[in-house]
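S.K.: Structure below; questions to follow.
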Amino acid sequence: LLLSSSIDSQNLEGKFFSVAWLWNGIELVRIGPTGIVSVTPEYSERGRQGELRATRTGNRNYQFVMKPV
Numbered sequence: 099l100l101l102s103s104s105i106d107s108q109n110l111e112g113k114f115f116s117v118a119w120l121w122n123g124i125e126l127v128r129i130g131p132t133g134i135v136s137v138t139p140e141y142s143e144r145g146r147q148g149e150l151r152a153t154r155t156g157n158r159n160y161q162f163v164m165k166p167v
């Protein structure tokens, strides 16, 4: 599964955003305004194994990847 997200806002450079991906109302992973990625405890093992990943790909763009088990 690959999801791409983008943020569109006026004066984007002066704003800070957090981006989170959820599954059935449960947060899987979040990228904070400083770019730090945090994986929830329930999915941390999958994150360590590289099966779940979130990255910032540009000033406005983010990607979430989850590999099947």
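The working numbering applies: residue 99 is where the sequence shown begins, and numbers increase by one. C-beta atoms are modelled at their ideal positions from N, C-alpha and C, and glycine is treated no differently. All values reported here derive from a predicted model rather than from experimental measurement.
Got a sec? Which residues, its chain only, sit under 6 Å from R158 by beta carbon, not counting five neighbours each side?
M.R.: Stepping through the sequence shown from its first residue, residue 158 is reached at position 60. Correct list, in chain order: S104 and I105.
S.K.: Could you tell me which of L126, F114 and G156 sits nearest to E149, measuring between CA atoms?
M.R.: Counting from one through the sequence shown, the residue named residue 149 turns up at place 51. Out of L126, F114 and G156, L126 has the C-alpha closest to the C-alpha of E149.
S.K.: Measuring alpha carbon to alpha carbon, tell me which of V135, G112 and I124 ends up nearest T155.
M.R.: Within the sequence shown, the letter at position 57 stands for residue 155. Here the closest residue by C-alpha is V135.
S.K.: Between which two residues does the alpha helix (DSSP H) holding R146 run?
M.R.: Against the sequence shown, residue 146 aligns to sequence position 48. S142 to R146 is the extent of the alpha helix (DSSP H) around R146.
S.K.: Starting from the C-beta of I124, find all residues in its chain whose C-beta is less than 8 Å away, skip the five residues before and the five after it, and write them out in chain order.
M.R.: Numbered from 1 along the sequence shown, position 26 holds the residue referred to as residue 124. Answer for I124: T138 and E140, listed in chain order.
S.K.: Taking just the CA atoms, how far does S102 sit from Q108?
M.R.: As a first step, residue 108 must be located in the sequence shown, where it is residue number 10. As a first step, residue 102 must be located in the sequence shown, where it is residue number 4. Their Cα atoms are separated by approximately 20 Å.
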